[in-house]
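>
In the working numbering, the protein residues as written are 3 to 274.
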């Protein structure tokens, strides 16, 4: 486990104020799910008003966000693929990593439910049924955190869907919103994080078909990019933002983000 002591985080947070009032904008490499859900629109005005630090968010799949940070194209990572995050820190690219918040993944699909998976709480069994039925499935296919989770679930199900690429298994190579649009357009099942699903408006006859499996847990982590690896990184300001996210104020701001009366992310910085 790669962590930063809470005392050090609090010390970094206390640096915020006039010293950062004129600081250049920091870059957060993040996921499409956090950006598309409106989370940053909700929390960043509070952080920027409190600290004077401006934040720009680059929203891409987790795999691309990590590669961007490895190339020193960002000051902070906020993504959701814990093994890849821990490897990023172990390789010296990140200073430390902490759990930040969570929600879950769900499998959504058309009301007709051609694979007969509605109400299933076993995600691996549901995917096996989809493959057996040859029912359409839309995959992001983009090395995002969602795609990494999907591939882990397929592996656990004993199915290798790549061999069916272009038939019942369709890879979009796109973000979550575009993949949901594609799934709805072709009547295909897909795996999505719940925040993206709640925020998605073009559902038509689609509904959540599979939920409640412990394997669908979706953990997000925060990682400042290492100044030892990237000398140009704005390490001090990034540490302040990370500290704020992990503080009581930041955690409350995350918990307060709702769409249609539903909380999208659940803070768990103190759970490690």
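We put the beta carbon where it would ideally sit given N, CA and C, even for glycine.
What you are looking at is a predicted structure, and each value in this text was computed from that prediction instead of being measured.
Any contact between the stretch 129–145 and the stretch 103–117? By contact I mean 3 or more CB pairs, one from each, below 8 Å.
Yes, the stretch 129–145 is in contact with the stretch 103–117.
> Rounded to a whole number of angstroms, what is the C-alpha to C-alpha distance between residue 273 and residue 101?
Here residue 273 is taken as the residue at index 271 of the chain shown, counted from 1. Here residue 101 is taken as the residue at index 99 of the chain shown, counted from 1. Straight-line Cα distance between these residues: approximately 8 Å.
> For residue 36, which option in 157, 60, 190 has the closest C-alpha, if you only look at C-alpha atoms?
Working through the chain shown from its first residue, we reach residue 36 at position 34. Nearest option by C-alpha distance: 60.
> Is it the case that the stretch 251–261 contacts the stretch 118–127, given that we only count it when at least three CB pairs across the two stretches are under 8 Å?
Too few Cβ pairs lie closer than 8 Å, so no.
> Could you name the residues that DSSP lists as bridge partners for residue 171?
As a first step, residue 171 is located in the chain shown; it is residue number 169 there, counting from the start. In the DSSP output, where bridge partners are listed per residue, residue 171 has 139, 167.
> Does the distance from the CB of residue 45 to the CB of residue 240 come in under 8 Å?
Numbered from its first residue, the chain shown carries residue 45 at position 43. Numbered from its first residue, the chain shown carries residue 240 at position 238. No, the pair does not count as a contact, with Cβ atoms beyond the cut-off.
> State the DSSP-derived secondary structure class of residue 61, mapped to helix, strand or coil.
Numbered from 1 along the chain shown, position 59 holds the residue referred to as residue 61. Strand, per DSSP.
> Please report the straight-line C-alpha distance between residue 206 and residue 190, rounded to a whole angstrom.
Indexing the chain shown from 1 puts residue 206 at position 204. Indexing the chain shown from 1 puts residue 190 at position 188. Taking the straight line from one Cα to the other gives about 13 Å.
> Report the rounded CA-to-CA distance for residue 223 versus residue 165, giving the unit in angstroms.
Translated into positions along the chain shown, residue 223 becomes position 221. Translated into positions along the chain shown, residue 165 becomes position 163. Each residue's alpha carbon lies about 32 Å from the other.
> Measure the Cβ-Cβ separation of residue 196 and residue 105 and say whether it is below 8 Å.
Taking the first residue of the chain shown as 1, we reach residue 196 at position 194. Taking the first residue of the chain shown as 1, we reach residue 105 at position 103. In contact: residue 196 and residue 105 (Cβ atoms closer than 8 Å).
> Taking Cβ positions, are residue 266 and residue 32 nearer each other than 8 Å?
Counting from 1 along the chain shown, the entry for residue 266 is found at position 264. Counting from 1 along the chain shown, the entry for residue 32 is found at position 30. No. Outside cutoff.
> Assuming the contact rule is C-beta atoms closer than 8 Å, residue 2 and residue 174 should be a hit. Round their C-beta distance to whole Å, please.
In the structure as shown, the chain begins at 3 and stops at 274. Residue 2 is therefore absent and cannot be evaluated.
> Going by CA-CA distance only, name the one from 47, 208, 89, 50 that's closest to residue 227.
As a position in the chain shown, residue 227 is number 225, starting the count at 1. Residue 227 has its Cα closest to that of 89, out of 47, 208, 89, 50.
> Apply the 10 Å Cβ neighbour rule to residue 76 and answer buried if 16 or more other Cβ atoms are within range, or exposed otherwise.
As a position in the chain shown, residue 76 is number 74, starting the count at 1. Buried.
> Assign residue 87 to buried or exposed, taking buried as 16 or more other Cβ atoms, counted over all protein chains shown, within 10 Å of its Cβ.
Taking the chain shown and counting its residues from 1, one reaches residue 87 at position 85. So residue 87 ends up on the buried side.
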